[in-house]
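Per my numbering, the sequence shown starts with residue 6, numbered consecutively. Ideal placement from N, C-alpha and C gives every residue a C-beta, glycine not left out. Notes follow once the structure below has been shown.
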Amino acid sequence: MSPTERSGARLRTTGMRRRTLLALPALGLVPSALLGACSEESSVPADPGSAAVPEAGEGAEVIAYGDDPSQLAELHRPDGPSRGVVVVIHGGFWKSAYDYTLGQPLARSLAAEGWTAWNIEYRRVGNGGGTPQTFDDVAAAIDALADVEGVDTSTVVTLGHSAGGHLAVWAAGRADPRVAVTHAISQAGVLDLVMSERMGLGGGAAASLLGHTPGPADAQWDPQQQIPLDVPVWCVHGIDDAIVPLGQSEGYVVDAQAAGAQAEIVRVEGDHFVVIDPDSEAWTATLEVLDSIA
Numbered sequence: 006m007s008p009t010e011r012s013g014a015r016l017r018t019t020g021m022r023r024r025t026l027l028a029l030p031a032l033g034l035v036p037s038a039l040l041g042a043c044s045e046e047s048s049v050p051a052d053p054g055s056a057a058v059p060e061a062g063e064g065a066e067v068i069a070y071g072d073d074p075s076q077l078a079e080l081h082r083p084d085g086p087s088r089g090v091v092v093v094i095h096g097g098f099w100k101s102a103y104d105y106t107l108g109q110p111l112a113r114s115l116a117a118e119g120w121t122a123w124n125i126e127y128r129r130v131g132n133g134g135g136t137p138q139t140f141d142d143v144a145a146a147i148d149a150l151a152d153v154e155g156v157d158t159s160t161v162v163t164l165g166h167s168a169g170g171h172l173a174v175w176a177a178g179r180a181d182p183r184v185a186v187t188h189a190i191s192q193a194g195v196l197d198l199v200m201s202e203r204m205g206l207g208g209g210a211a212a213s214l215l216g217h218t219p220g221p222a223d224a225q226w227d228p229q230q231q232i233p234l235d236v237p238v239w240c241v242h243g244i245d246d247a248i249v250p251l252g253q254s255e256g257y258v259v260d261a262q263a264a265g266a267q268a269e270i271v272r273v274e275g276d277h278f279v280v281i282d283p284d285s286e287a288w289t290a291t292l293e294v295l296d297s298i299a
């Protein structure tokens, strides 16, 4: 199926799903993934160390890349030939109260679109994460793809939401990785840690991640300070996002383009969470970015 045919089929399917989704509130039903995501607006979890490791999503294979309970990933394979690998990195301001179940709906959608989806978990602030542990885990999870039987790593796209968008773009700039990231897609990503802290995003989440107030000495962890990258970056962002302002993406893209890097802003209608709703037009826009890659 060509990209044009895929896009047309998606629009028809999205329209039917959207009508179903709109009917759910009247029935007292809301998709569980969106309920979990909405709690990200709280700056401080009630009990950040209490999150249990969730079970694997339907049809997925769980693979550990380390000994910690959070060092695992779900592998979702397509029914036919794979177009490439998409590494799904969930958000939650790097806090342990949020886990990789946020990425499961996206991973299932990606597999249905012919991609191999690698939905990763990692240590977060509150369960052994922080700097450098969170970054070490994301790097190790991506590199572990080299050992997964039947996975072609010639095309590896990182796809992350919010704090996961930060990690997706950060991972694309790693030096001498075992598995190289070829493209990065940030969904409402926190791409400027210094500005994030100045604005108080996530209740000072960037400082909690780093262990101190972000500054020039943190260039190795901050995508904004790593410009330009050799890897193409797309920033998909809702224009009504009140949790991670659109300026986080717009500022990154403007500076990246000025530095000669390949970067693009994709503005979509909606808030912070619309980009991770697989029944939304925002997700369709993300799939169209992927269509341009493979």
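Asked: According to DSSP, simplified to helix, strand and coil, what is residue 269?; Found: strand
Asked: Helix, strand or coil for residue 80? Go by DSSP, reduced to three states.; Found: strand
Asked: Would you identify the three-state DSSP class for residue 164, choosing helix, strand or coil?; Found: strand
Asked: Do residue 90 and residue 160 have their beta-carbon atoms positioned less than 8 angstroms apart in this structure?; Found: yes
Asked: Taking the alpha carbon of residue 113 as the point to measure from, which residue in 72, 105, 64, 68 has its own alpha carbon closest?; Found: 64
Asked: How many angstroms separate the CA atom of residue 212 from the CA atom of residue 84?; Found: 42 angstroms
Asked: Indicate whether the contact test is met: 3 or more Cβ pairs, each with one atom in the region 90-108 and one in the region 155-173, closer than 8 angstroms.; Found: yes
Asked: Look at the alpha carbon of residue 215 and the alpha carbon of residue 127, and state the distance between them as a whole number of angstroms.; Found: 16 angstroms
Asked: Please classify residue 282 as buried or exposed, where buried requires at least 16 other C-beta atoms within 10 Å of its C-beta.; Found: buried
Asked: Give the C-beta separation of residue 77 and residue 69 to the nearest angstrom, bearing in mind that I take them to be a contact with Cβ-Cβ under 8 angstroms.; Found: 5 angstroms
Asked: Evaluate the contact criterion for the region 229-249 versus the region 135-152: three or more CB pairs, one atom per stretch, below 8 angstroms.; Found: no
Asked: Using CA coordinates, which residue listed in 124, 100, 101 is at the minimum distance from residue 67?; Found: 124
Asked: With 16 other CB atoms within 10 Å as the buried threshold, where does residue 217 fall?; Found: exposed
Asked: Using a Cβ-Cβ cut-off of 7 angstroms (strictly less than) and excluding sequence neighbours within five positions of residue 157, which residues of its own chain qualify?; Found: 87
Asked: Taking only the alpha-carbon atoms, compute the straight-line gap between residue 100 and residue 130 and give it to the nearest angstrom.; Found: 5 angstroms
Asked: Pick helix, strand or coil for residue 147, following the three-state DSSP scheme.; Found: helix
Asked: Exposed or buried, which one is residue 108 when buried takes at least 16 other CB atoms within 10 Å?; Found: buried
Asked: Apply the 10 Å Cβ neighbour rule to residue 179 and answer buried if 16 or more other Cβ atoms are within range, or exposed otherwise.; Found: buried
Asked: Provide the residue(s) that pair with residue 90 in DSSP beta bridges, ordered along the chain.; Found: 121, 161
Asked: Of the choices 251, 186, 117, 174, whose alpha-carbon is the least far from that of residue 149?; Found: 186
Asked: When the Cα atoms are used, what is the spatial distance from residue 221 to residue 230?; Found: 8 angstroms
Asked: Assign residue 151 to one of two classes, buried (16 or more other C-beta atoms within 10 Å of its C-beta) or exposed (fewer than that).; Found: exposed
Asked: Determine the direct distance from the alpha carbon of residue 190 to that of residue 182, and round the result to whole angstroms.; Found: 18 angstroms
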